[in-house]
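Participant: Numbering (this note's numbering), first residue to last: -1 to 255.
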């Protein structure tokens, strides 16, 4: 359990069914928050683990690229808990890899930008009004270490993650004086189902070979989702009240090379 730094507060986490989103939702609850879990996938396991911590939770099926669904998800949060203090806009998709720019599929490009970038904007669009009304709030947008660099053959994903940094900095400037902080989190290689798609194919029953990423990272391994979740919690607590408009890179030293 945490130290109760989020006691009495309410959080939204998108992409909460698994991976970094699930770890963050559980960590926020452990610190005292009640949490809305939003995902297109079932969040039952995350909800069960939060309930075991003694916190309230609400699971909402939500496609973050759909404005009506995002608005409904925020409305349901306010109806259930009466307030909204922080949000981790983490839902995302990798799209189709191994496509150079001129061969990229238009539908895939649209899908990736709609989920990763438009989805962050839509979440902020509906999360900001209740935060502004109460005079405080913290939004953490899920970006990537890839937000800082180019990676060949992943144009749509890279463009979407770079865009998250831009909208984060813009929103931070627009709402700082009104008590709402907006930051971005940029994880490096992390043990998630999405990342596993990019690991070498192995026979059934053989443990996933992480060496392709571990060899790139000075620390020598991939991150555990819980390590990323700690930073989400910090950005949502009063320990970070002077932090806004920044992209926090948590990458084991990857971008220092």
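Glycine included, C-beta positions come from ideal geometry on N, C-alpha and C.
Bear in mind the structure is a predicted one, so any value in this text is a computation, not a measurement.
1) Give me the residue from 39, 92, 32, 152 with the minimum Cα distance to residue 99.
2) Could you pull the start and end residues of the alpha helix (DSSP H) that residue 105 belongs to?
3) Which whole runs of the beta strand (DSSP E) in the region 27 to 94 are 3 residues long or more, in chain order?
4) Can you give the Cα-Cα distance for residue 199 and residue 94, rounded to whole angstroms?
5) Comparing C-alpha positions only, which one of 0, 9, 1 sits nearest to residue 234?
6) Nearest by alpha-carbon distance to residue 109: which of 145, 154, 22, 58 is it?
7) First and last residue of the beta strand (DSSP E) that includes residue 183?
8) From this set, 248, 188, 107, 65, which residue's C-alpha is nearest residue 311's C-alpha?
9) Quick one, which of 229, 2, 32 has its alpha-carbon nearest residue 183's?
10) Thinking residue 40 and residue 15 are a contact (beta carbons under 8 Å), I'd like their distance in whole angstroms, please.
11) Note the first and the last residue of the continuous beta strand (DSSP E) segment covering residue 8.
12) Exposed or buried, which one is residue 49 when buried takes at least 16 other CB atoms within 10 Å?
13) On the three-state DSSP scale, how would you describe residue 158?
14) Return the residue from the list 54, 88, 71, 53 that minimises the CA-CA distance to residue 60.
15) Which class does residue 139 belong to by DSSP, given the choice of helix, strand or coil?
16) Three-state secondary structure (DSSP) at residue 242?
17) Tell me which residue opens and which closes the alpha helix (DSSP H) that residue 129 is part of.
18) Since residue 188 sits in a beta bridge, which residues does DSSP pair it with?
19) Evaluate residue 20 with the Cβ neighbour count: other Cβ atoms within 10 Å of its Cβ, from every protein chain shown; 16 or more gives buried, anything less gives exposed.
20) Measure the CB-CB distance between residue 87 and residue 30 and report whether it falls below 8 Å.
21) What is the residue span of the alpha helix (DSSP H) that residue 212 lies within?
22) Tell me the rounded alpha-carbon separation between residue 204 and residue 176.
Facilitator: Reading from the atomic positions:
1) What you label residue 99 is simply residue 101 of the chain shown in a count that begins at 1. Here the closest residue by C-alpha is 152.
2) The residue you call residue 105 lines up with position 107 of the chain shown. Taken as a continuous stretch (DSSP letters only), the alpha helix (DSSP H) holding residue 105 covers 104 to 111.
3) 32 to 37, 55 to 59, 84 to 87
4) By one-based count along the chain shown, residue 199 stands at place 201. By one-based count along the chain shown, residue 94 stands at place 96. Low per-residue confidence applies at residue 199: pLDDT is 49, beneath 50, and the placement is therefore not dependable enough to give any value.
5) Numbered from its first residue, the chain shown carries residue 234 at position 236. The residue with the shortest Cα to Cα distance from residue 234 is 9.
6) Looking up residue 109 in the chain shown gives position 111. The option with the nearest alpha carbon to residue 109 is 154.
7) Here residue 183 refers to the residue found at position 185 of the chain shown. In the DSSP assignment, residue 183 falls within the beta strand (DSSP E) that extends over 178 to 185.
8) Since the first and last residues shown for the chain are -1 and 255, residue 311 lies out of range.
9) Position 185 of the chain shown, counting from 1, holds the residue named residue 183. When only C-alpha atoms are compared, the closest one is 229.
10) Walking along the chain shown from the start, residue 40 turns up at place 42. Walking along the chain shown from the start, residue 15 turns up at place 17. Sure, about 6 Å apart at Cβ, within 8 Å.
11) Numbered from its first residue, the chain shown carries residue 8 at position 10. Segment 8 to 12, the beta strand (DSSP E) holding residue 8.
12) Numbered from 1 along the chain shown, position 51 holds the residue referred to as residue 49. Looking at its Cβ environment, which holds fewer than 16 other Cβ atoms inside 10 Å, residue 49 is exposed.
13) Counted from its first residue, the chain shown places residue 158 at position 160. DSSP places residue 158 in helix when its eight states are reduced to three.
14) Residue numbering aside, residue 60 sits at position 62 when the chain shown is read from its first letter. For residue 60, the closest of 54, 88, 71, 53 by C-alpha to C-alpha distance is 71.
15) The residue given as residue 139 occupies position 141 in the chain shown. DSSP places residue 139 in strand when its eight states are reduced to three.
16) For the purposes of this step, residue 242 is taken as residue 244 along the chain shown, with counting starting at 1. The answer is coil: DSSP assigns residue 242 none of H, G, I, E or B.
17) Position 131 of the chain shown, counted from the first residue, corresponds to residue 129. That run of the alpha helix (DSSP H) goes 117 to 132.
18) Numbered from 1 along the chain shown, position 190 holds the residue referred to as residue 188. Its beta-bridge partners are 221.
19) Counted from its first residue, the chain shown places residue 20 at position 22. Under this definition residue 20 is a buried residue.
20) As a position in the chain shown, residue 87 is number 89, starting the count at 1. As a position in the chain shown, residue 30 is number 32, starting the count at 1. No, the Cβ-Cβ distance between residue 87 and residue 30 is not below 8 Å.
21) Taking the chain shown and counting its residues from 1, the one referred to as residue 212 is at position 214. Where residue 212 is concerned, the enclosing alpha helix (DSSP H) stretches over 209 to 212.
22) Indexing the chain shown from 1 puts residue 204 at position 206. Indexing the chain shown from 1 puts residue 176 at position 178. Confidence is the limiting factor: at residue 204 the pLDDT is only 49, short of 50, which leaves the residue's position unreliable and the question unanswerable from this model.
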